[in-house]
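Undergrad: Have a look at the structure that comes next, please.
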Amino acid sequence: MNRSCWHIDSNTRDRLLSIGFPLLLLALWETAVRLQWLDGRFFPAPTAVAVALWELTVKGELLGKLWLLPGLIAAGDLSGARKVFAEGHLWVSLFRIFSGFFVGAVPGIILGVVMGMNRTIRVALDPVVSAVYVLPKIAILPLVMLVFGIGEVSKIVIVAIASFFLVLINTTVGVRDIEPIFLEAGKNYGANHRQMFRHIIIPAALPIIFSGLRLSLGTSLIVIIAAEFVAANYGLGYLIWFSWQTLLTENMFAGLVVIMILGALFTSGLQALERRLMPWQREELPTLVSADGADMGGTGAKA
Amino acid sequence: MTVKIEAKDLSKVYPSRNGPMCALRDFSLRVEEGEFVCIVGPSGCGKSTFLRILGGLLAPSSGEIKLFPRNEKAPLQNIVFQEYAIFPWKTVLDNVAFGLEMRGVPRKERRETAHDWIRKVGLAKFADAYPHQLSGGMKQRVSIARAFANDPEILLMDEPLGALDAQTRAILQGELVRLWEASRKTVVYITHSIEESVLLGDRIVLMTAHPGTYKTEYAVPFTRPRSFELTSAPEFARLSYAIWQELEVEVKRTMEKQS
């Protein structure tokens with residue numbers, strides 16, 4: 028047998044495996060339902076889920092009745108156009124996640140930097156922050172609804188609270204753990220407060236701040252779905268919950284698929300932003316050779 | 310000769326769990342303008358503490374420290390730190406230009422100066438590289454260039470070559486001699502290597518074991534310009550050994566205390 032035709036380089040092999048194996052699982056699932064080894068009412072076949080996803084889209088449930096948009100805009104009916112989005116489960120959830128995330132993360136970063144830099148404030152606030160942090164945020168949803176009502180605001184607030192504490196804790200740690208030698212170098216070379224902040228504190232803490240942002244975006248997704256289970260008429264969480272109650276399991280699975288795609292997009296979006304903001308952390312480095320030749324060991328690239 | 314640095318009876322006491330810990334005790338030193346003074350002592354003798362007091366990063370618990378500026382506009386002193394205190398998030402160019410940027414030197418001018426020093430330390434090809442792409446020796450070259458580019462009147466060096474392997478270290482010692490002899494700035498150089506101090510310094514100050522204070526000092530008689538070749542001279546070995554005999558006592562005392 029000619030071995031060379033079986034030879035695939037390891038990258039291609041990895042890619043084939045990482046695409047091929049999930050496809051194989053889906054195929055098995057499909058077959059199992061077709062042969063009635065699995066109950067299609069509880070575990071609809073992947074093709075049925077795909078059809079459900081398509082139906083939800085074209086009926087305007089998932090993305091709203093987008094085809095009405097051109098007419099509404101032409102007629103100058105902006106509130107009507109807004110209503111189109113307000114009736115799409117995906118847009119509703121996204122709006123809640125991002126506005127809550129933004130409202131929580133920005134003060135989280137600011138207070139985190141203050142707590143990281145100032146020991147007195149840190150010691151004073153730490154017990155409070157730790158106590159609230161361990162509380163599962165969804166547990167205070169009833170309280171939030173008591174204060175902010177059952178409308179949109181309470182959903183944004185609950186996401187904001189969840190993001191705030193995660194970002195706050197990570198930023199505090201990131202700033203507190205900056206190598207003192209960097210701060211000393213800044214001081215010795217005459218950096219004023221503003222320069223310290225811009226040239227040393229923020230870039231030094233940025234990797235940890237980002238891991239806080241990543242965690243809190245993931246948590247936002249969890250929190251909003253859970254909140255929509257119990258207290259909403261729109262949103263992906265509502266779609267899943269309602270589909271379960273009416274035994275439309277295809278729609279329930281379609282909702283799950285959309286959430287999976289969202290999670291993946293969030294992660295890769297943040298990664299792209301990280302690479303842009305922190306070019307010094309890039310993994311794929313050219314191997315450099317030392318200029319003097321005396322110390323060639325250990326240069327550059329992590330192979 | 311004009312006096313550049315005058316330290317009188319400096320002490321530094323840190324609070325610690327076992328009561329106050331004295332890191333430096335009644336240390337006095339006078340450094341002339343343009344002099345290269347090496348301070349050698351066993352580890353933990355407070356020599357880095359002294360340098361941080363000189364660099365304005367620590368306040369002494371008692372005693373007096375005076376630096377005499379010649380030019381009010383130029384920076385008075387800058388530190389070349391132990392190990393890698395260059396900023397990982399800045400390119401080589403931005404690291405070297407850091408002091409100039411903090412002083413508000415216009416972008417074009419500071420880039421020119423930085424490029425100039427990057428060339429002088431042999432890193433011209435790496436101006437746009439980030440520190441993680443460099444070897445240890447190259448990183449320390451950046452650190453040295455950062456200090457020289459800022460052009461302070463006094464250079465404070467805190468074991469700048471301490472973390473390097475012996476071969477890289479030898480190369481950088483040679484480069485440091487060359488750079489310094491071209492500028493003749495006042496230098497206080499902390500090291501635990503006797504050979505390094507004899508090769509680089511005009512004068513070597515020995516410190517006692519913890520809590521550190523002045524023990525004795527040696528004038529280094531070798532003419533300049535010097536090069537690494539000096540290390541092969543018999544007089545070099547003789548002076549190094551004489552210093553070692555004095556230092557050995559202190560090192561042993563440090564070890565006894567630790568055990």
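If you read the sequences in order, they're chains A and B.
Just add 27 to wherever you are in the first sequence, counting from 1, and you've got the numbering used here.
Just add 309 to wherever you are in the second sequence, counting from 1, and you've got the numbering used here.
Idealized CB from N, CA, C, for every residue including glycine.
How big is the Cα-Cα spacing for L5 of chain A and A113 of chain A?
TA: For residue 5 of chain A there is no data in the structure shown, the boundaries of chain A being 28 and 330.
Undergrad: Which residue marks the beginning of the alpha helix (DSSP H) containing T39 of chain A, and which one marks its end?
TA: S37 to R61
Undergrad: Nearest-angstrom Cα distance between F69 of chain A and W81 of chain A?
TA: 19 angstroms
Undergrad: If I measure Cβ to Cβ from K321 of chain B and keep anything under 6 angstroms in the same chain, skipping five residues before and after, which residues do I get?
TA: A332, L333, T358, P369 and S370
Undergrad: Please tell me whether M330 of chain B has its Cβ less than 8 angstroms away from any Cβ of chain A.
TA: Not an interface residue.
Undergrad: Does the beta-carbon distance from S247 of chain A to V186 of chain A come in below 8 angstroms?
TA: yes
Undergrad: Where does D467 of chain B land, buried or exposed, given buried means 16+ other C-beta within 10 angstroms?
TA: buried
Undergrad: Hey, how far is the Cα of I35 of chain A from the Cα of L44 of chain A?
TA: 12 angstroms
Undergrad: Reducing DSSP to helix, strand and coil, say where Y523 of chain B ends up.
TA: DSSP places Y523 of chain B in strand when its eight states are reduced to three.
Undergrad: Straight-line CA distance for K382 of chain B to T311 of chain B?
TA: 19 angstroms
Undergrad: Assuming contact is defined by CB atoms lying nearer than 8 angstroms, are K164 of chain A and I251 of chain A in contact in what I supplied?
TA: no
Undergrad: From the beta carbon of G408 of chain B, is the nearest beta carbon of chain A less than 8 angstroms away?
TA: Closer than 8 angstroms to some Cβ of chain A, the Cβ of G408 of chain B qualifies, so yes.
Undergrad: With a threshold of 7 angstroms on Cβ separation, who are the neighbours of M23 of chain A within its own chain once the five nearest residues in sequence on each side are excluded?
TA: Because residue 23 of chain A is not part of the residues shown, which for chain A are 28 to 330, the question remains open.
Undergrad: Return yes when the Cβ of V202 of chain A is within less than 8 angstroms of the Cβ of M287 of chain A, no when it is not.
TA: no
Undergrad: Taking DSSP's pairing of strands, which residues face M237 of chain A in a bridge?
TA: The residue asked about is misnamed: residue 237 of chain A is Phe in this sequence, not Met. Per the DSSP secondary-structure output, F237 of chain A pairs with nothing in a beta bridge.
Undergrad: Which residues in chain B sit within 8 angstroms of Q298 of chain A, going by Cβ to Cβ distance?
TA: The premise fails here: Q298 of chain A is roughly 18 angstroms from chain B at the closest Cβ pair, so nothing lies under 8 angstroms.
Undergrad: Can you find the residues in the same chain that come closer than 7 angstroms, C-beta to C-beta, to N278 of chain A, ignoring five residues on each side of it along the sequence?
TA: A79, L83, L266 and S270
Undergrad: Given a cut-off of 8 angstroms on the beta-carbon distance, is the pair E526 of chain B and P351 of chain B in contact?
TA: no
Undergrad: Any idea if G217 of chain A is buried or exposed, counting beta-carbon neighbours within 10 angstroms, 16 or more meaning buried?
TA: buried
Undergrad: Any chance the region 256-264 of chain A sits against the region 194-209 of chain A, with 3 or more Cβ pairs inside 8 angstroms?
TA: no
Undergrad: Could you please tell me which residues of the region 377-409 of chain B, in chain order, have their CB closer than 7 angstroms to any CB of chain A?
TA: P384, N387, I388, F390, A394, F396, P397, W398, F407 and G408
Undergrad: Pull up the distance between the alpha-carbon of G47 of chain A and that of P97 of chain A, whole angstroms please.
TA: 41 angstroms
Undergrad: Name the residues in the region 192-209 of chain A whose C-beta lies less than 9 angstroms from a C-beta of chain B; which are they?
TA: Within the region 192-209 of chain A, the residues whose Cβ lies closer than 9 angstroms to some Cβ of chain B are E206, I208 and F209, listed in chain order.
Undergrad: According to the neighbour-count rule (16 or more other Cβ atoms, all chains shown, within 10 Å of its Cβ), is H519 of chain B buried or exposed?
TA: buried
Undergrad: Going along chain B, which residues have a C-beta under 8 angstroms from G217 of chain A?
TA: Per Cβ cutoff of 8 angstroms: P384, G408, M411 and R412.
Undergrad: Taking the beta carbon of F537 of chain B as the centre, do at least 16 other beta carbons fall within 10 Å, making it buried, or is it exposed?
TA: exposed
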